[in-house]
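Q: Position 558 (the sequence shown) corresponds to 555 in my numbering; numbering is contiguous. Beta carbons are placed, not taken as given, at the ideal position from N, Cα and C, and that holds for glycine. In this text, all values refer to a predicted model and were calculated from it rather than measured experimentally. Dumping the structure here so I can ask a few things about it.
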Amino acid sequence: KAPLVVVTASGREADDLTAELADLLGGSEVAQFPSWETLPHERLSPGADTVGKRLEVLRRLAHPEREVPLRVVVTTVRSLMQPMSPGLGDIEPIALRAGAELEFDELAERLVEFAYARVDMVGKRGEFAVRGGILDIFPPTADHPVRVEFWGDEITELRAFSVADQRSIPELAVDEVKATPCREILLTAAVRARASELAATYASDAVLVEMLDQMAAGIAVEGMEALIPVLTPGRLQLLTEVLPDGAHVLVCDPEKVRTRAGDLVRTGEEFLEASWTAASFGGAAPIALDLTSSAYRGLNAVRQAAEAGGHPWWTISPLASGADGEIVLPVTAAPSARGSDEQLKAIFASLRAQVATSGEPSGVPAGRAAIVVAGHGTAQRILERLAEAEVPAVELAPGAQPETGAVGVLCGSLLHGVVFGESNLVVVAEADLTGHRAAAVGDGKRLPAKRRNQVDPLALSAGDMVVHDQHGIGRFVEMIERTVGGARREYLVIEYAPSKRGQPGDRLFVPMDSLDQLSRYVGGEMPGLSKLGGSDWANTKRKARKAVREIAGELVQLYAARQAAPGHAFAPDTPWQLEMEDAFAYTETADQLTAIAEVKQDMEKAVPMDRVVCGDVGYGKTEIAVRAAFKAVQDGKQVAVLVPTTLLAQQHLQTFTERMSGFPVSVKGLSRFTDAAESRRIVDGMAAGDVDIVVGTHRLLQTGVRWKDLGLVVVDEEQRFGVEHKEHIKALRTHVDVLTMSATPIPRTLEMSLAGIREMSTILTPPEERHPVLTYVGAYNDKQVAAAVRRELLRDGQVFYVHNRVSSIDKAASRIRELVPEARVVVAHGQMNEDQLEKTVQAFWEREFDVLVCTTIIETGLDISNANTLVVERADALGLSQLHQLRGRVGRSRERGYAYFLYPGEKPLTEMAYDRLATISQNSDLGAGMAVAMKDLEIRGAGNVLGAEQSGHVAGVGFDLYVRLVGEAVEAYRAAADGKPVTVDEEIKEVRIDLPVDAHIPTDYVAGDRLRLEAYRKLAEAHEDSRLAAVVDELTDRYGPLPVEVSRLVSVARLRLLCREYGLAEVGVTGTTLKLSPMQLPESKQLRLKRLYPSATYRAATGVVGVAVPRAGDGGIAAERIRDIELLQYIADLLLALDGKAKGAVVV
């Protein structure tokens, strides 16, 4: 049986149709053939996941005998019209399974050919990393990257691992991995050769040559797909040309498809001009490459090709044309209530009548009816509602036939109901009853919510400023390896201020095992270097510590007040709570689940909650607020949701109302748009207790607003409220639970939370379906802007156009109207009258306009999921966090987002602007907000955030150390409050161990410098045995079994822990003598030392114990002195013996 190809006009329709068909026919026989997110001639490449899915479908079409043959392929008209490289369906993916034998180096070469990027640590689809006998690979079609262990050329084990912390996920079994290519042009030898020929031909064109050179070297470049026509031999193929014999094509809504096809062809041509003509390169010679063969083909050409290949072309349309060959289907739409109660009653009544008809005398089949809903919770509730309306109903298992005599209720994905007249069957979808689109609940590939230490390799590059706890601020020079007494060790070289004028700076060699003393300097612009051995650093540190004590005192008072205040302990979850959560349309991410659990635990305690939920824009923080609010209402408490802008208030109001629609919860909004009478009613309702949840702007904080029983306050984007509002929120009650949500953490809260005064949950994983935003940074040109706007209109999307000058904003808008006459353009900026501004944005949100030309007022919290293209002119004039926030506005639904950051081509950029744009283009992954915010702290100096008087101290000691000082001071105060003695100035002392032990991490075990640093740092920071064991675990998991040098490194770390316990600061060997200091030995211990180690010396004044290093073996004169592990164990035994413990009680 040959497959049927169903063509829709837009990607959204294709997604929905695929979900519905997969439910009906079984998931393995239905596949979606996605289209590129980019146009054929754009300088951006389609995502690896898209390409992977496309190749998988093409392979199944070309070789139906290999696996379950496809019955339906759903695709968009865009994929139908786009010519592809020939022979894509015949590319064999690389299959990896345990027990298979593969030449390891050959495998790496094939992966490069398949356009996988070789990195030191796998972070996204289409990357691979090789370490010794371990291959990490993230195939485009997989949910998780996979770690493949080799023994020689044989695969011994496959296991999935998580990107965040690079650790294996034992719960997921992996039998085999199919690595499909990541690009639709393979970098084979022939293609590379062709690229270098072309590079020679077009030598005058620098940009093109750079692209071709990289490709000739086997590196996949952004946008190389545009060159497919000139690089691949053979004619390009259309999808209809690769279909198996006998396949049919069915076009849904041919009218819509035809318009879409016309638009696509036009926009495609525009991009060809904008990206591949002389103007776009700024070169003089026009590019003579002929790239037209990969342009979209017209719909008629596609149809002719299909019919020539023997594929019948069907269309299905709601509009009858009256032509001869037309068949009218006896199907009508189901009745819909769109959420209104009267109509619901009417539908229930007609369902009751429908199942009551026996149909006997008239010869019509008996009446049957079914209701299809998305979630189980909803199904239960619909059954209850039907029972109330006295409609006989039963729950059906998915796939079961509806019975006669009762309405069947079942779970599945169906967007619209339908009535089949001839067979007397009525099917009603959830959307027909409730009125809002019920998204199918994801297939719930839930991972256990585990958050282990994130991998954040300390990326130090030469010239970076670092802070050493003991010696102060220095400049990182390099990482070197030195061999001392036959022991190889790695050191970081740090340069300090010169001790004499005109001399080169002093250098400090920091051994890797005391890396925990170092942190990167984040603070002012350029700090002065400290002097080694002077008292300046100690003074700076003391001053900072004193300042910190004051802050800590205030914080702790606040905290103590909260701890002492009698809050309300909320009850555990109710059945309704579970039902409401079950109706959530998406699968929660692991981070989201953790955050929700943490918030609920806080609410169930009697102490008032004060938690910050940090997460990038659009990472599902609102859902956390919805669940917390619902929980509070279940306990009869009221909830205030505070948002900074009216539009946000309206969007939140809509979300809250929608999520709680089926429950007796009254949700109201209070903002500038609420007219006076209405707002009076709401305020009275709040005081009387009739209103459960109020979403509002700072109007909620005005005097005269009273609550009957306020239980929870949710604050969104706290940093945008003014100081007095913030104070008001703080004072709202010490005994009300407060949940703060923020996309850019205010460092102050960041610190408080780091110090454990405010609890903090971070959400780092993007919801499924979200793709990273494709970010383009370049000089402004009209064609590019026009093409970008048109492309967004093609997929019925909207565009944000940011122009940050109010004086010339109308000019900018009219320029866009000239460039793209069909777009409906509207202007919004902060100097408009507020009413008008809100109304404009509202209208844009309701899709009355296509392009919103605005100032940066959109950077905060505007959630318009249909706007997925952002164009920022003069991006060089904006700050980093602004750029990041702006980019967070797009790519928020399933569509791919595009951000164009443009700068004037004729003006040179300042260095800082260049840095900012470089950072934003590197951090295009979702969740880069944290990285960006940290960098922003560096650029702006952490000053203005901590209060001006603190900024000096932060600049003095660096942000990391400062935060640590705050943490220490807070701990001390807290201890005092709990009646424990306060330990002053408690620093973990550095223990210097200088022994002939060959302990380091060899480069063939961990290759990259930053990853080696990260491993060293983890070992140095492990301050107890369990932590050490965990680090060893992680190293084994990520890099394979520990080589002997690394296990010695672990032994040194264990000895260091022992020395710390006994208060030693230095252990070293000079000549043949082992010296330990400082040791305060009372008489009894001195005697014991003499008895056990007769040759030992002890100097009471300096506290130095000296012992000769024993010889190996039988201790003969000729034997070598002991070293490595033996020596470490000897020292451990010595320390234990002096303490009166048995030898070997601690095995290093």
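On the criterion of 16 or more Cβ atoms from any shown chain inside 10 Å, does methionine 1211 qualify as buried, or is it exposed?
A: Since the first residue of the chain shown is -2 and the last is 1145, residue 1211 is not available in this structure.
Q: Please work out which residues of its chain come closer than 7 Å, Cβ to Cβ, to alanine 1055, disregarding the five sequence neighbours upstream and downstream, and give them in chain order.
A: Before going on, a small fix: residue 1055 reads as leucine here, not alanine. Hits under 7 Å: Ala1129, Leu1132, Val1143.
Q: Just mark leucine 1146 as buried or exposed, buried being the case when its beta carbon has 16 or more other beta carbons within 10 Å.
A: Since the displayed the chain opens at -2 and closes at 1145, residue 1146 lies outside it and no answer follows.
Q: Excluding the 5 residues preceding and the 5 following glutamine 1148 in the sequence, name in chain order all residues of the same chain whose CB lies nearer than 7 Å to its CB.
A: The chain is shown only over -2 to 1145; residue 1148 falls outside these bounds and no answer can be derived.
Q: List, from N- to C-terminal side, the beta strand (DSSP E) runs of 3 residues or more that fit wholly inside the stretch 782 to 836.
A: 795 to 799, 822 to 825
Q: Taking the continuous beta strand (DSSP E) assigned at glutamine 226, which residues delimit it?
A: First, the residue type needs correcting, since residue 226 is proline and not glutamine in the sequence shown. Unbroken run through proline 226 is the alpha helix (DSSP H), 225 to 228; no beta strand (DSSP E).
Q: Could you tell me the alpha carbon to alpha carbon distance between glutamate 385 and arginine 378, rounded to whole angstroms?
A: 11 Å
Q: From the DSSP output, read off the bridge partner residues of lysine 602.
A: Per DSSP, none; premise fails for lysine 602.
Q: In three-state DSSP terms, what is threonine 537?
A: helix
Q: With 16 as the cutoff for other CB atoms within 10 Å, does serine 804 come out buried or exposed?
A: exposed
Q: Return the bridge partner residues of proline 641 from the DSSP annotation.
A: In the DSSP output, where bridge partners are listed per residue, proline 641 has none listed.
Q: Are the CB atoms of aspartate 429 and alanine 334 nearer to each other than 9 Å?
A: yes
Q: Residues in its own chain within less than 6 Å of leucine 707 by CB, not counting five upstream and five downstream?
A: Gln635, Val733
Q: Touching or not, the stretch 3 to 17 and the stretch 394 to 414, by the rule of three or more beta carbon pairs under 8 Å?
A: Yes: at least three Cβ pairs fall under 8 Å.
Q: Between leucine 867 and leucine 883, which are expected to be in contact by the criterion C-beta below 8 Å, what is the C-beta distance as a whole number of angstroms?
A: Indeed, because the Cβ distance is near 6 Å, the residues count as touching under 8 Å.
Q: With DSSP as the reference, please indicate the residues paired to tryptophan 148 in a beta bridge.
A: Glu151
Q: Mind checking alanine 281: buried by the 16 CB within 10 Å criterion, or exposed?
A: The predicted model places alanine 281 with a pLDDT of 39, which falls under 50 and marks its position as unreliable; any figure quoted below should be read in that light. When all chains shown are included, alanine 281 counts as exposed.
Q: Going by DSSP in three states, glutamine 211 sits in which element: helix, strand or coil?
A: Glutamine 211 falls in the helix class under three-state DSSP.
Q: Less than 9 Å separating the beta-carbons of alanine 872 and phenylalanine 898?
A: yes
Q: Residues bridged to glutamate 475 by DSSP?
A: Val490
Q: Which residue or residues does DSSP assign as beta-bridge partners of lysine 528?
A: Bridge partners of lysine 528: Ala494.
Q: Pick helix, strand or coil for asparagine 863, following the three-state DSSP scheme.
A: coil
Q: Can you tell me the Cβ-Cβ gap for lysine 665 and glycine 686, rounded? I've got them flagged as a contact below 8 Å.
A: With 8 Å as the limit, lysine 665 and glycine 686 do not qualify as a contact, their Cβ atoms being about 13 Å apart.
Q: I need the straight-line Cα distance from alanine 784 to tyrosine 895, nearest angstrom please.
A: 12 Å
Q: Look at valine 143 and phenylalanine 135 and say whether their C-beta atoms are less than 9 Å apart.
A: yes
Q: Just to confirm my understanding: we take leucine 132, look at its own chain, exclude 5 residues before and 5 after, and list those with CB closer than 6 Å. What are they?
A: Excluding sequence neighbours, leucine 132 sits near Val145.
Q: Give me, in chain order, the residues of the same chain whose beta-carbon lies closer than 6 Å to that of glycine 123; leave out the 5 immediate sequence neighbours on both sides.
A: Ala45, Tyr113, Pro137, Cys179
Q: Short check: CB of valine 74 to CB of leucine 261, under 9 Å?
A: yes
Q: Give the list of continuous beta strand (DSSP E) stretches no shorter than 3 residues that lie fully inside the stretch 1003 to 1089.
A: 1063 to 1067, 1070 to 1074
Q: Could you pull out every unbroken alpha helix (DSSP H) segment of at least 4 residues lying fully inside the stretch 19 to 84, listed in chain order?
A: Runs of the alpha helix (DSSP H) inside the stretch 19 to 84: 45 to 59, 74 to 78.
Q: Which value, in whole angstroms, describes the spacing of the CA atoms of alanine 1109 and valine 994?
A: 15 Å
Q: Note down the Cα distance separating aspartate 162 from valine 1043, rounded to an integer number of angstroms.
A: 21 Å
Q: Look at the alpha carbon of proline 399 and the alpha carbon of glutamate 578, and state the distance between them as a whole number of angstroms.
A: Those two C-alpha atoms are separated by around 28 Å.
Q: Between alanine 809 and valine 823, is the Cβ-Cβ spacing less than 9 Å?
A: no
Q: Which of helix, strand or coil does DSSP assign to methionine 683?
A: helix
Q: What residues in its chain sit with their C-beta under 7 Å from that of arginine 937, if we drop five residues either side in the sequence?
A: Residue confidence for arginine 937 is low, a pLDDT of 44 falling below 50, so the modelled location carries little weight and cannot support an answer.
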